[in-house]
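Novice: Residue numbers (my numbering): 2 to 272.
All C-beta atoms, glycine included, are put in the ideal place defined by N, C-alpha and C.
A quick note: this is a predicted structure, and the numbers were derived from the prediction, not measured.
Dropping the structure here:
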């Protein structure tokens, strides 16, 4: 905690009365929802938020960006599959979402705009809170500790309603049968072309379920980026490949213009 607090204090003292265009403090989702075992980390982040509040009270621009786990850059860009699976499990336990580099840059842009005291009430930009967690039909919304906090009542109420709507709608909210048991389907094929067609169909079904697309809007030769897939969806698709085939697919491979067919070719070369 000491380095974060001391560093923030020194920067604030140096620019104490300077009217900067923006003053952004990087914080964590832990400062918003609280995470067991990270009290010192939370305290350091809360100190920075207090500094931001003080600057805004003096009429100076200041804002806070609270981030969840950032995938695709830094440590997680090269992390092993087991590490990523553990992180995904933790994210679900805390009901927070993984975010990508693009989300961080968007948050910075928003923080600059929200910095002036007259631009927003608090200057907070919170990215990755699982307000409406995407869960399968047989998985009710998780019960994270922060769900019991009345301040988040509007988030948990919407998540519960979303699950109820999915349950009433049958399989519309879950993974289709086509996307399940991929290994079993592949084992019944005899040629490379059949294997590619089978995996492409399963992967396409998963994309349709994840993004709520119709079958007519998805072609195997269309770049995934053209479908509107962002870093959050890419992380989910990467997790699907690992769950079904134990193959690690880099997030950037999904975001760099590969089509369903091209990506499935790469995956099959590792199976």
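On the CB-based measure, 16 or more other CB atoms within 10 Å of its CB, does residue 46 come out buried or exposed?
Specialist: Buried is the call here.
Novice: Can you list, in chain order, the residues of its chain whose CB lies under 8 Å from that of residue 31, leaving out five sequence neighbours each side?
Specialist: Around residue 31: 39, 42, 43, 46.
Novice: Given this structure, state the Cα-to-Cα distance separating residue 121 from residue 249, to the nearest angstrom.
Specialist: About 41 Å.
Novice: For residue 116, which of 191, 53, 183, 48 has the nearest alpha-carbon?
Specialist: Measuring from the Cα of residue 116, the nearest candidate turns out to be 53.
Novice: Going by the beta-carbon positions, is the gap between residue 68 and residue 24 smaller than 8 Å?
Specialist: Going by C-beta atoms, residue 68 is not nearer than 8 Å to residue 24.
Novice: Residue range of the alpha helix (DSSP H) that residue 25 falls in?
Specialist: Counting along the chain, residue 25 falls outside any alpha helix (DSSP H), though it belongs to the beta strand (DSSP E) covering 25-29.
Novice: Using the Cβ count rule (16 or more neighbours within 10 Å means buried), how would you classify residue 245?
Specialist: Burial call: buried.
Novice: Tell me the rounded alpha-carbon separation between residue 74 and residue 198.
Specialist: Near 32 Å, if we compare the C-alpha coordinates of residue 198 and residue 74.
Novice: Quick check: what's the CA-CA separation for residue 27 versus residue 240?
Specialist: The straight-line gap from Cα to Cα measures roughly 27 Å.
Novice: Per DSSP, residue 64 forms a beta bridge with which residues?
Specialist: Note: residue 64 sits in a beta bridge opposite 25.
Novice: On a Cα-Cα basis, can you pick out the residue from 217, 258, 22, 202 that is closest to residue 227?
Specialist: Measuring from the Cα of residue 227, the nearest candidate turns out to be 258.
Novice: Look at residue 201 and residue 101 and say whether their C-beta atoms are less than 8 Å apart.
Specialist: The answer is no: Cβ separation not under 8 Å.
Novice: Please state whether the Cβ-Cβ distance between residue 221 and residue 184 is less than 8 Å.
Specialist: Not closer than 8 Å, so no.
Novice: Which of helix, strand or coil does DSSP assign to residue 215?
Specialist: Coil.
Novice: Do you know how far the Cα of residue 72 is from the Cα of residue 79?
Specialist: For residue 79 and residue 72, the distance between alpha carbons rounds to 10 Å.
Novice: Is residue 186 near residue 203, with beta carbons less than 8 Å apart?
Specialist: In contact: residue 186 and residue 203 (Cβ atoms closer than 8 Å).
Novice: Is residue 127 helix, strand or coil when you go by DSSP?
Specialist: Strand at residue 127.
Novice: Going by C-alpha to C-alpha distance, which of 118, 266, 127 sits closest to residue 21?
Specialist: For residue 21, the nearest C-alpha among the options comes from 118.
Novice: Looking at residue 128: is its Cβ nearer than 8 Å to the Cβ of residue 65?
Specialist: Going by C-beta atoms, residue 128 is not nearer than 8 Å to residue 65.
Novice: Once you ignore the five residues that flank residue 135 on each side, which residues in its own chain have a CB closer than 7 Å to its CB?
Specialist: Because residue 135 carries a pLDDT of 41, less than 50, the predicted location of this residue cannot be relied on, and the following value inherits that uncertainty. Within the same chain, residue 135 has no close Cβ partners at all.
Novice: Under the DSSP definition of a beta bridge, which residues are partnered with residue 224?
Specialist: 260, per the DSSP bridge assignment.
Novice: Alpha carbon to alpha carbon, how far is residue 114 from residue 168? Give it in angstroms, no decimals.
Specialist: The predicted model places residue 168 with a pLDDT of 45, which falls under 50 and marks its position as unreliable; any figure quoted below should be read in that light. Cα to Cα, the separation comes out at about 40 Å.
Novice: Can you give the Cα-Cα distance for residue 5 and residue 35, rounded to whole angstroms?
Specialist: The alpha-carbon atoms of residue 5 and residue 35 are separated by roughly 18 Å.
Novice: By how many angstroms is the C-alpha of residue 63 removed from the C-alpha of residue 16?
Specialist: Each residue's Cα considered, the two are about 11 Å apart.
Novice: How many whole angstroms separate the CB atoms of residue 252 and residue 267, which I take to be in contact at a CB cut-off of 8 Å?
Specialist: Contact flag wrong, Cβ pair sits at about 14 Å.
Novice: For the alpha helix (DSSP H) holding residue 246, just list the boundary residues, first then last.
Specialist: Run containing residue 246: 232-246, per the alpha helix (DSSP H) assignment.
Novice: For the candidate residues 234, 219, 29, 211, whose alpha-carbon lies nearest to that of residue 260?
Specialist: The candidate whose alpha carbon is nearest that of residue 260 is 219.
Novice: For residue 100, name the three-state secondary structure that DSSP assigns.
Specialist: The answer is strand: DSSP assigns residue 100 an E or B state.
Novice: Just to confirm my understanding: we take residue 269, look at its own chain, exclude 5 residues before and 5 after, and list those with CB closer than 7 Å. What are they?
Specialist: Around residue 269: 196, 197, 200.
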